[in-house]
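Contents: one structure, followed by commentary.
4 protein chains.
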Amino acid sequence: VHDRSAIAGIVPPVATPLTVTEDVDRAGMGRVIEYLLGGGVHGIFVLGATGEFPWLDDRQRATAVEAAVDAVAGRVPVIAGIAEISRRHAIANARTAYAAGADFVMATAPYFGSMAVEQGWILEHFRAIAGETGAPVMLYNVPPWIADISPATIATLAELDNVVGMKDSADFIHLQDVLARTRGRNFRVLCGIEGHLLGALLMGAHGATPSSANLNPALFVRLYEAATEGRVEEARPMQEGASRFVQELEAFPSWFSLIKAGLHLLGLCGPTVAGPLPALTADETERLRAILVGYGLLS
Amino acid sequence: VHDRSAIAGIVPPVATPLTVTEDVDRAGMGRVIEYLLGGGVHGIFVLGATGEFPWLDDRQRATAVEAAVDAVAGRVPVIAGIAEISRRHAIANARTAYAAGADFVMATAPYFGSMAVEQGWILEHFRAIAGETGAPVMLYNVPPWIADISPATIATLAELDNVVGMKDSADFIHLQDVLARTRGRNFRVLCGIEGHLLGALLMGAHGATPSSANLNPALFVRLYEAATEGRVEEARPMQEGASRFVQELEAFPSWFSLIKAGLHLLGLCGPTVAGPLPALTADETERLRAILVGYGLLS
Amino acid sequence: VHDRSAIAGIVPPVATPLTVTEDVDRAGMGRVIEYLLGGGVHGIFVLGATGEFPWLDDRQRATAVEAAVDAVAGRVPVIAGIAEISRRHAIANARTAYAAGADFVMATAPYFGSMAVEQGWILEHFRAIAGETGAPVMLYNVPPWIADISPATIATLAELDNVVGMKDSADFIHLQDVLARTRGRNFRVLCGIEGHLLGALLMGAHGATPSSANLNPALFVRLYEAATEGRVEEARPMQEGASRFVQELEAFPSWFSLIKAGLHLLGLCGPTVAGPLPALTADETERLRAILVGYGLLS
Amino acid sequence: VHDRSAIAGIVPPVATPLTVTEDVDRAGMGRVIEYLLGGGVHGIFVLGATGEFPWLDDRQRATAVEAAVDAVAGRVPVIAGIAEISRRHAIANARTAYAAGADFVMATAPYFGSMAVEQGWILEHFRAIAGETGAPVMLYNVPPWIADISPATIATLAELDNVVGMKDSADFIHLQDVLARTRGRNFRVLCGIEGHLLGALLMGAHGATPSSANLNPALFVRLYEAATEGRVEEARPMQEGASRFVQELEAFPSWFSLIKAGLHLLGLCGPTVAGPLPALTADETERLRAILVGYGLLS
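Those protein sequence lines, which keep their order, are chains S, G, B and R.
Be aware that the first sequence starts at 1, since it is given in our numbering, and climbs by one per residue.
Be aware that the second sequence starts at 1001, since it is given in our numbering, and climbs by one per residue.
Be aware that the third sequence starts at 2001, since it is given in our numbering, and climbs by one per residue.
Be aware that the fourth sequence starts at 3001, since it is given in our numbering, and climbs by one per residue.
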């Protein structure tokens, strides 16, 4: 699926199921992806932050991409995260992911802790990845964790043939600015903030990567459909509902652990997160169960 | 005009014209307001940040409100800023502004430099102002300059009879959250970020307080009309145009000085800003003139 | 006492006692100052942040300076804070304070909330205050609440005849840089961070303005004496003790309220702080009492 | 050299020389270390941030440690950085480095971009590394790039037999607090901020890890000697000189590139930095040459 127009709709950043020894659980990945496709999602983004990419080593990452490609089996596009701190390492990741069958690869800006990174470095980082791999590349913008990729940098990169789109988790003005600067290029923009979803679609975004869709894919698929079919009056309370769902989840101490615990409650995989991320406590897990029951995801 | 439903549409935070000795220029205020009303604006907000309230003393502030009320002469509502660091001082400001004929008063959270302020203090600050003055009060949220008023705090305050609305310059999710939590109360929400304007109106906001409307009121009035009349396809490029206009202005070193220099170029008042705000240089002023000519505001 | 060499030693930023109606309590100010002088302090700084200057209006401030000057009665120098957001207002404050008998006046950089302020504005702000008042001016550096005054700006200002010193609450490198750049000018540097006190004195600072000295002046006076008399081995555990004292106080929710509550426990003035600052709860007050008893300040 | 008392004095974070293809240059590492030992340094810290650890992969890191151990040949202790985002990866790094002959290993807090990390996670991260490897572990504190390790967390970790010390690049109060809380445990504290060096030693720190000592080791060795031999009056201007040296270097756009360019000018290794770090321009290199000549490091 190398046609960039396939990048659209709800594309969750799928969690990476782990065994208790923190090896990638291929069967668990298969079950989670089946759950998401059953909820109607339009693509799978493997090795995003929700997929715990920062805490996985090269072998774990390669296995995760393979498992996702196998499970999806061509039904929807697979976008593979390849983010790394160094250029050399990110390029190696891209080659591995592309060889494993990912349709698109997605890299962040280079980063080290909260060290400031200049737009010039970011531009060269993506240019090198696109130029040396030839793979269809997406930009993964996730400030403030990683330096914000400026709309001007994005517009420059969008002129490259194989820079095909982005996931934008920056503020609403940034997203609108990107849309304005890339209009006419079929540069695909996925909104990375659940709360921006309806507004972003109304402004022209092509889809979204809601992390909480791991637990409730249908909620976001329905909202996407209402928005793209012009049923705005209906979509507005659906957006409110989606925002409230996210707010309830954000009350937990660690997002990554929460998503894994939720998938465990749904019977899809184990609750293990990569250390030093902490597991949910028993109390927190019960609180989460009540939320999932309240949304009809569990009985 | 004490009916809160009058709070709607484009309500610019009008600049406060100053003489060279930094006294309030009443005649200049009259000309600027006539220019804004000529552009079709639906209200006047005097003594916002653009009105340089932080740099004006009590006498200057009182004069500015009087001048605005006189100039508007009841044609549209007048909202008067009363922000101060201390509760006692903000209450005194509110009494002065209300006595001078302002229809609504608008206070920020208490603040001192970038000192952290807790929601509990904010709640009590507004409660005291509303309770002790009886005036129709609006909340003025302008993070990160001043501590963000949380949606929960706003929802609590919106239950008070004379807390009638707010100006929200926080992020897009904050604005949506406020709308969701105050639905059904006729709590009036004005969007304070130019780039959020169309999105905010589509989500249910009642209007906006674009600072750059001081120079180009009609641009925002047309956008507001397109959005509220359901012409979304038409409104989207208008929003892009408005965002671009703001971006061009934001390239100048001081926003306050820029607005004043623009009003001076338009022949409405002098370019003086309150010290230590710097004046625009001659070069910057010429650059600004070219922008205003480009938008057809000057010939 | 206009000789700048008098600026040395422990110079606490004295709290401003308030009546329940938030008027300045002149008698209370007298008792607090007597307590501080009894503890051996070498100067009084009235209307610092601990003196709640941001929350006091012009009349309250004038009264506070008068009360401090009267109480000190020439025994040690009086430094009066004159900080304000605008230049015009700061200059007016300086004139009032100097006329009331303050020996030195001390201004912050201009500020408004956490708005960024450029060094050029800061330079002009202080130049205007020094030039238009002729008073002996000190610089009051209190980042991150108010924009950091750079060592280069300070060095430029230190060349003016009536810019005589500063209170530096910036980081340790900033303080050292100021000392290096002003060496040979008798530019008086008071350290504003309790935890830096011994290090700062060893590096050449002239004194300090410890806020917690309001409650425990002798602790800091003894540390100052040990450091300046070359008893470094003895001073090191005294610094540890002073740092621990501050840490215990910093565990309370509001510094200003804590200092006032402490002075109330010591029988010197009422616990009232300017709204919207909150009062200590009864529980917090009892916890504070235990601390003061532990340090032998109360029995 | 497993006696922790050997951790003292000037221990530069040695740069990692790279070939043009970004492989580790073992011979270059040998020359740089010889230069540092010739300048009198008391230890070598390989794979600190200055050693570009974030941009090197596992193979490059292993080679760098081996090269450093070989070059030092037991003359001074070798501390090897093992920082990684995940616990599993950091433990693997520690085993590799310790097997390669490093005397001590040093880990940062876990991190991912500027994501907030709780003290509980940090504590468990270090506990796992110390417990599972048995190696003598040091804590590497480098805020704000990576989450600050609190003095309380450090004190808890210092109770473990094989947690032997730390490098503290936090603020001066943090360093003093660590010294106060670990007194009597022979917990070795190296100061990571050049500008804090003299103050830190006077307060009881055991040494320092000045990054700029890569270019000018003797400057810091002399300052260390003056401070530890009680010649404080002499040390103070030496500290000023060291601070000025660092300030001159900090004016360059990228610290890493600057250190490499300097080592290249000194004839010790190539100027290559790991992508996406940028190389110095020719102009910048000439500016750097002039600085090195000015300090007598080049002729």
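Glycine is no exception: its CB is placed at the ideal position from the N, C-alpha and C atoms.
The structure displayed is predicted, hence computed values, not measured ones.
Neighbourhood of residue i by C-beta, 8 Å cutoff - its chain only, sequence neighbours within 5 removed
i: T2182 of chain B; result: I2154, A2155, A2158 and V2189
Separation of residue j from residue i, as counted between CA atoms
i: I2146 of chain B; j: A2170 of chain B; result: 10 Å
i: F126 of chain S; j: E84 of chain S; result: 12 Å
i: L3258 of chain R; j: S114 of chain S; result: 20 Å
i: V2001 of chain B; j: V2076 of chain B; result: With a pLDDT of 49 at V2001 of chain B, under the threshold of 50, the modelled position of this residue cannot be trusted; read the value that follows with caution. So the two alpha carbons sit approximately 8 Å from each other.
i: G1296 of chain G; j: N1216 of chain G; result: 10 Å
i: A2180 of chain B; j: A208 of chain S; result: 55 Å
i: S2299 of chain B; j: I2291 of chain B; result: 11 Å
i: V3024 of chain R; j: A3068 of chain R; result: 11 Å
i: V1032 of chain G; j: V1014 of chain G; result: 8 Å
i: P2012 of chain B; j: V1020 of chain G; result: 40 Å
i: E2248 of chain B; j: C191 of chain S; result: 46 Å
i: Q3100 of chain R; j: T3016 of chain R; result: For clarity, residue 3100 of chain R is Ala in the given sequence; the question names Gln instead. Taking the straight line joining both Cα atoms gives about 16 Å.
Local conformation of residue i per DSSP, three classes
i: P2013 of chain B; result: strand
i: L3190 of chain R; result: strand
i: V3001 of chain R; result: Caution applies to V3001 of chain R, whose pLDDT of 49 falls short of 50 and renders its modelled position unreliable; the model cannot decide the point.
i: Y1140 of chain G; result: strand
i: W2018 of chain B; result: It should be pointed out that residue 2018 of chain B corresponds to Leu in this sequence rather than to Trp. It is a strand residue.
i: F1973 of chain B; result: The requested residue 1973 of chain B is not part of the displayed model; chain B covers only 2001 to 2299.
i: V1069 of chain G; result: helix
i: A1107 of chain G; result: strand
i: V232 of chain S; result: helix
i: V2024 of chain B; result: strand
i: L263 of chain S; result: helix
i: I3291 of chain R; result: helix
i: I85 of chain S; result: coil
i: S1257 of chain G; result: helix
i: T133 of chain S; result: helix
Residue environment, residue i, which counts as buried when at least 16 other CB atoms sit within 10 Å
i: L175 of chain S; result: buried
i: R2061 of chain B; result: buried
i: P237 of chain S; result: exposed
i: L3160 of chain R; result: exposed
i: R1231 of chain G; result: exposed
i: G267 of chain S; result: exposed
i: A73 of chain S; result: exposed
i: G1294 of chain G; result: exposed
i: P2151 of chain B; result: buried
i: D3283 of chain R; result: exposed
i: S5 of chain S; result: exposed
i: D3226 of chain R; result: According to the sequence as given, residue 3226 of chain R is Ala; it is not Asp. The residue is buried, with at least 16 neighbouring Cβ atoms inside 10 Å.
Those residues which DSSP pairs with residue i across a bridge
i: I44 of chain S; result: S:V78
i: S2243 of chain B; result: Beta-bridge pairing links S2243 of chain B to no other residue.
i: S2114 of chain B; result: B:F2112
i: S147 of chain S; result: Note on residue identity: the sequence assigns Ala, not Ser, to residue 147 of chain S. None, per the DSSP bridge assignment.
i: G167 of chain S; result: In the sequence as displayed, the identity of residue 167 of chain S is Lys instead of Gly. K167 of chain S pairs with S:Y140 and S:L190.
i: G1207 of chain G; result: G:G1009 and G:L1190
Cutoff 7 Å; reference residue i; Cβ partners in own chain excluding five residues on either side
i: G2239 of chain B; result: In the sequence as displayed, the identity of residue 2239 of chain B is Gln instead of Gly. Only L2197, L2198 and L2223 meet the Cβ criterion.
i: V3221 of chain R; result: I3010, G3039, G3040 and V3041
i: T2108 of chain B; result: A2083, Y2140, V2142 and I2146
Residue i Cβ short of 7 Å to the ligand NAP heavy atom set
i: G3131 of chain R; result: Absence of the ligand NAP from the depicted structure is noted, as is the absence of any ligand whatsoever, leaving it without description.
Cβ shell of residue i (< 6 Å), same chain only, five flanking positions each side left out
i: S86 of chain S; result: none
i: D3148 of chain R; result: A3170
i: T1272 of chain G; result: L1018 and V1020
Proximal chain C residues relative to residue i, where beta-carbon distance stays under 8 Å
i: H2196 of chain B; result: Protein chains in the displayed structure are S, G, B and R, and chain C is not among them.
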